[in-house]
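Asks:
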Amino acid sequence: MLHSVIAGTGFYVPEHVVTNDDLSKLMETSNEWIVERTGISTRRYAHRTQETTTTMAVEASAVAIERAGLKPADIDFIIFATLSPDYYFPGCGVLLQRAMKMREIGALDVRNQCSGFIYALSVGDQFIRGGMYKNILVVGSEKHSFGLDFSTRGRNVSVIFGDGAGAVVLKASEKDEGILSTHLHSDGASAEILAMFNPGTHGNHWAKEPLADFNNAEWGDMYMSHAMIDKGQNFPTMDGPAVFKKAIEKFPEVVLEALNANNLKPTDLKLLIPHQANLRISQFIQHKLGLRDDQVFNNIQRYGNTTAASVPIALAEAWEQGLIQKGDLVCLAAFGSGFTWASALIRWGG
Ligand SMILES: CC(C)(COP(=O)(O)OP(=O)(O)OC[C@H]1O[C@@H](n2cnc3c(N)ncnc32)[C@H](O)[C@@H]1OP(=O)(O)O)[C@@H](O)C(=O)NCCC(=O)NCCS
Numbered sequence: 036m037l038h039s040v041i042a043g044t045g046f047y048v049p050e051h052v053v054t055n056d057d058l059s060k061l062m063e064t065s066n067e068w069i070v071e072r073t074g075i076s077t078r079r080y081a082h083r084t085q086e087t088t089t090t091m092a093v094e095a096s097a098v099a100i101e102r103a104g105l106k107p108a109d110i111d112f113i114i115f116a117t118l119s120p121d122y123y124f125p126g127c128g129v130l131l132q133r134a135m136k137m138r139e140i141g142a143l144d145v146r147n148q149c150s151g152f153i154y155a156l157s158v159g160d161q162f163i164r165g166g167m168y169k170n171i172l173v174v175g176s177e178k179h180s181f182g183l184d185f186s187t188r189g190r191n192v193s194v195i196f197g198d199g200a201g202a203v204v205l206k207a208s209e210k211d212e213g214i215l216s217t218h219l220h221s222d223g224a225s226a227e228i229l230a231m232f233n234p235g236t237h238g239n240h241w242a243k244e245p246l247a248d249f250n251n252a253e254w255g256d257m258y259m260s261h262a263m264i265d266k267g268q269n270f271p272t273m274d275g276p277a278v279f280k281k282a283i284e285k286f287p288e289v290v291l292e293a294l295n296a297n298n299l300k301p302t303d304l305k306l307l308i309p310h311q312a313n314l315r316i317s318q319f320i321q322h323k324l325g326l327r328d329d330q331v332f333n334n335i336q337r338y339g340n341t342t343a344a345s346v347p348i349a350l351a352e353a354w355e356q357g358l359i360q361k362g363d364l365v366c367l368a369a370f371g372s373g374f375t376w377a378s379a380l381i382r383w384g385g
C-alpha cells in the first residue's frame, strides 16, 4: 500500500518587514490594538515588481525539492493553492511550471483560501495513494499586499495579512508512514462573511445589498466598474467576530476528527500547526485541546496571516528549528473563507 511522505519542505518570505507602526501611518490603527487583538507585530510585503505570488512559490519550491533530494524535472504534478494569483487566469501552477523549467506535467490550482494548502495536500495524497504520481509539489503562496484596502475603511482586514510562500514535496512510500488521513469540510452558508466579490460574475445574485446596478450597466462594466472601485468593492471584506466565533468551533473539531479517525489523542501530538489566522484563535484551540505551549507552533507574530501559505511556511520553519523528527505525530489544521476547514494528520517519515 502506498503512502505520501513529506520528503522536503521549504518557505520564502520577502525581505521587506512592515511593522504595525508603519500601518498606523496609512490608517487609523495602533501597534497596541493590532498586538492585543491578533498577536501580530510584523508582516512581510513582496517587492512591487520583482516578486509575485509565483516567484515566491518558486523560491519555496526550490528549497523543498532540493531537501527531498530531487530536481524540478523529477516532479510529476503541481498543486498550487492561492487566493492572490499573478493573473486572474491562467493560474499560478502553469507559471511555476514555466519558471522552474519542469516537464509538461499537470498543474492544478486550488482556491480554498486559508484551507487551500491542506485541501491541496489532500488532493496530492490521493494521487499518490492511487499510484498515479510519485513526486508531487504542493505549494501555498500569497501576495496579499497588492490587494488590500490601506484606508481606515479596510483596517480590520489589512492589518492581518502578509505575503509569503511555503512548499512541500510529497513522495510515494511503501512504508507505513506519512499522511495518515485528511479531513475536508465546507459550509457555504457563510460564503459572504469573508470574501472579495469583484471582479466576479455574481450580478448581485447573492447580495443582501446590491453591489452595482447590473441591469443598467454597460456590458463592459459588469466584471469591474469605476463605481465598484470608487466604493472600495474591489477589496476583501470580513465580519471579523463572526469568523472568530466559527473558527474557534471548527478548528478543535477538525483536529479531534483527525485524531479520532486514527485512534489517537491530543497528548499523542508532537506538534499542532494551525493556520496562522490570529494568535488568539491558536491560543483558544490550544486551551480547548489541552495542549502544552511546546505542542502548538505559532509564527503569526512575525509573518501575519499568509492564508494558503501560512501552514506550509509554519511547517517548514518548525522543521528547520528541529521541532519535527522522524516518527513524530504532526497535525495541520486550517479554517477560513468559504467557510472551509480541514486537517491532515502526519506520522513524520524519512
Ligand atoms: C479582525 C479581528 C482582529 C477584529 O477584532 P475584534 O476584537 O473582533 O474587533 P471588532 O471587529 O469587533 O472591532 C472592534 C472595534 O475595533 C475597530 N477596529 C477594527 N480594526 C481595527 C484596527 N486595525 N485598528 C484599530 N481599530 C480597529 C472596529 O472598527 C471596532 O470599532 P467600534 O467598536 O468603534 O465599532 C478579529 O475579529 C479576528 O481576528 N477575527 C478572525 C479573523 C480571521 O481570522 N480572519 C482570517 C480567517 S482565516
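If you want my numbering, it's the 1-based position in the sequence shown plus 35.
We treat Cβ as the ideally placed atom computed from N, Cα and C, and that holds for glycine.
What you are looking at is a predicted structure, and each value in this text was computed from that prediction instead of being measured.
Assuming TYR338 contacts GLY197 (C-beta within less than 8 Å), just tell me the rounded distance between them.
Replies: Indeed, because the Cβ distance is near 5 Å, the residues count as touching under 8 Å.
Asks: Answer with buried or exposed for HIS38, where buried requires no fewer than 16 other C-beta atoms within 10 angstroms of its C-beta.
Replies: By the neighbour-count rule (16 or more Cβ atoms within 10 Å), HIS38 is buried.
Asks: What's the call for ALA242, buried or exposed, on a 16-neighbour Cβ count within 10 Å?
Replies: So ALA242 ends up on the exposed side.
Asks: Where does TRP254 sit, in a helix, a strand or coil, going by DSSP?
Replies: Helix, per DSSP.
Asks: Using only the heavy atoms of ligand 1, determine whether one of them is closer than 7 Å to the beta carbon of GLY275.
Replies: Yes - ligand 1 has a heavy atom lying nearer than 7 Å to the Cβ of GLY275.
Asks: Taking the CB atoms as reference points, tell me whether ALA202 and PRO347 lie closer together than 8 Å.
Replies: Yes.
Asks: Taking C-alpha atoms, which residue in ALA277, PHE270 and ASN251 lies nearest to ALA224?
Replies: Of the listed residues, the one whose Cα sits closest to ALA224 is ALA277.
Asks: With distance defined between alpha-carbon atoms, name the residue in LEU304, PHE115, PHE249 and ILE113 nearest to PRO234.
Replies: Of LEU304, PHE115, PHE249 and ILE113, the residue nearest in Cα terms is PHE249.
Asks: Between GLY238 and ALA262, what straight-line distance do the alpha-carbon atoms span, to the nearest angstrom?
Replies: Cα to Cα, GLY238 sits roughly 14 Å from ALA262.
Asks: Mind checking whether VAL93 and ALA134 have CB atoms under 8 Å apart?
Replies: Cβ distance < 8 Å, so VAL93 and ALA134 count as in contact.
Asks: I need the straight-line Cα distance from VAL158 to GLU355, nearest angstrom please.
Replies: The straight-line gap from Cα to Cα measures roughly 25 Å.
Asks: Check for me: the alpha helix (DSSP H) holding PHE279 runs from which residue to which?
Replies: That run of the alpha helix (DSSP H) goes 275-296.
Asks: Using only the heavy atoms of ligand 1, determine whether one of them is closer than 7 Å to the beta carbon of ILE69.
Replies: Yes, Cβ of ILE69 sits closer than 7 Å to a heavy atom of ligand 1.
Asks: Could you please give me the residues that DSSP links to HIS310 through a beta bridge?
Replies: Answer is none; HIS310 lacks a bridge partner.
Asks: Take the Cβ of MET137 as the centre, count every other Cβ of all protein chains shown within 10 Å, and call the residue buried at 16 or more, exposed below.
Replies: Classification of MET137: buried, given that the 10 Å Cβ count is 16 or more.
Asks: So, for GLN336: in the same chain, excluding its five sequence neighbours on each side, which residues have a beta-carbon less than 7 Å away from its beta-carbon?
Replies: So the qualifying residues of the chain are GLY74, ILE75, SER76 and LEU314.
Asks: Report the rounded CA-to-CA distance for THR117 versus ALA343, giving the unit in angstroms.
Replies: Computed Cα separation, rounded: 6 Å.
Asks: Drop a sphere of 10 angstroms on the beta-carbon of SER176, count the other beta-carbons inside from all chains shown, and report buried for 16 or more, exposed for fewer.
Replies: Answer is buried; the Cβ neighbour count reaches 16.
Asks: Count the CB pairs spanning the region 366-384 and the region 216-223 that are closer than 8 Å, and state whether there are at least three.
Replies: The region 366-384 vs the region 216-223: in contact.
Asks: Less than 7 Å between C-beta atoms, sequence neighbours within five positions excluded: which residues of the same chain meet that for THR88?
Replies: The residues are THR117, SER119, PRO120, ASP121, CYS127, SER176, GLU177 and LYS178.
Asks: Under the three-state reduction of DSSP, which class applies to TYR47: helix, strand or coil?
Replies: The answer is strand: DSSP assigns TYR47 an E or B state.
Asks: Nearest to PHE181 by CA position, among ASN170, SER193 and ILE171, is which residue?
Replies: It is SER193 whose Cα lies nearest to the Cα of PHE181.
Asks: The beta strand (DSSP E) spanning ASN34 covers which residue range?
Replies: In the structure displayed, the chain extends from 36 to 385; residue 34 sits before or after that span and is not available.
Asks: Since GLU352 is in the alpha helix (DSSP H), which residue starts that stretch and which ends it?
Replies: Segment 345-355, the alpha helix (DSSP H) holding GLU352.
Asks: Could you give the C-beta distance for ASP256 and LEU205, rounded to a whole number, given that I count them as a contact under 8 Å?
Replies: Not really, about 44 Å apart at Cβ, beyond 8 Å.
Asks: Taking the C-alpha atoms as reference points, what is the distance between GLY165 and ASP211?
Replies: Distance between the alpha carbons of GLY165 and ASP211 is about 15 Å.
Asks: Since SER216 is in the beta strand (DSSP E), which residue starts that stretch and which ends it?
Replies: Run containing SER216: 213-221, per the beta strand (DSSP E) assignment.
Asks: By the three-class DSSP mapping on this structure, what secondary structure does TRP68 have?
Replies: Correct three-state label for TRP68: helix.
Asks: Might you give, ordered along the chain, the residues of its own chain that have their beta carbon closer than 6 Å to the beta carbon of ALA99, omitting 5 neighbours on each side?
Replies: Result list for ALA99: GLY43, THR44, GLY45, ALA202, VAL203 and VAL204, in chain order.
Asks: Shorter than 8 Å from the beta carbon of ASN297 to some beta carbon of chain D?
Replies: You won't find chain D in this structure, because it holds only one protein chain.
Asks: Following a CB-centred definition, is ARG190 positioned closer than 7 Å to any heavy atom of ligand 1?
Replies: Within the cutoff, so yes.
Asks: Just curious, the alpha helix (DSSP H) that SER96 is in, first and last residue?
Replies: Per DSSP, SER96 belongs to the alpha helix (DSSP H) from 88-102.
Asks: Can you tell me which of the three DSSP states ILE335 falls into?
Replies: Of the three classes helix, strand and coil, the one that applies to ILE335 here is helix, per DSSP.
Asks: Using 8 Å as the threshold, is the C-beta distance between ILE195 and ASN340 below it?
Replies: Result yes, Cβ atoms of ILE195 and ASN340 sit closer than 8 Å.
Asks: Mark PRO125 as exposed unless 16 or more other C-beta atoms lie within 10 angstroms of its C-beta, in which case mark it buried.
Replies: Label assigned to PRO125: exposed.
Asks: Going along the chain, which unbroken runs of the beta strand (DSSP E) with 3 or more residues stay wholly within the region 144-179?
Replies: Runs of the beta strand (DSSP E) inside the region 144-179: 170-177.
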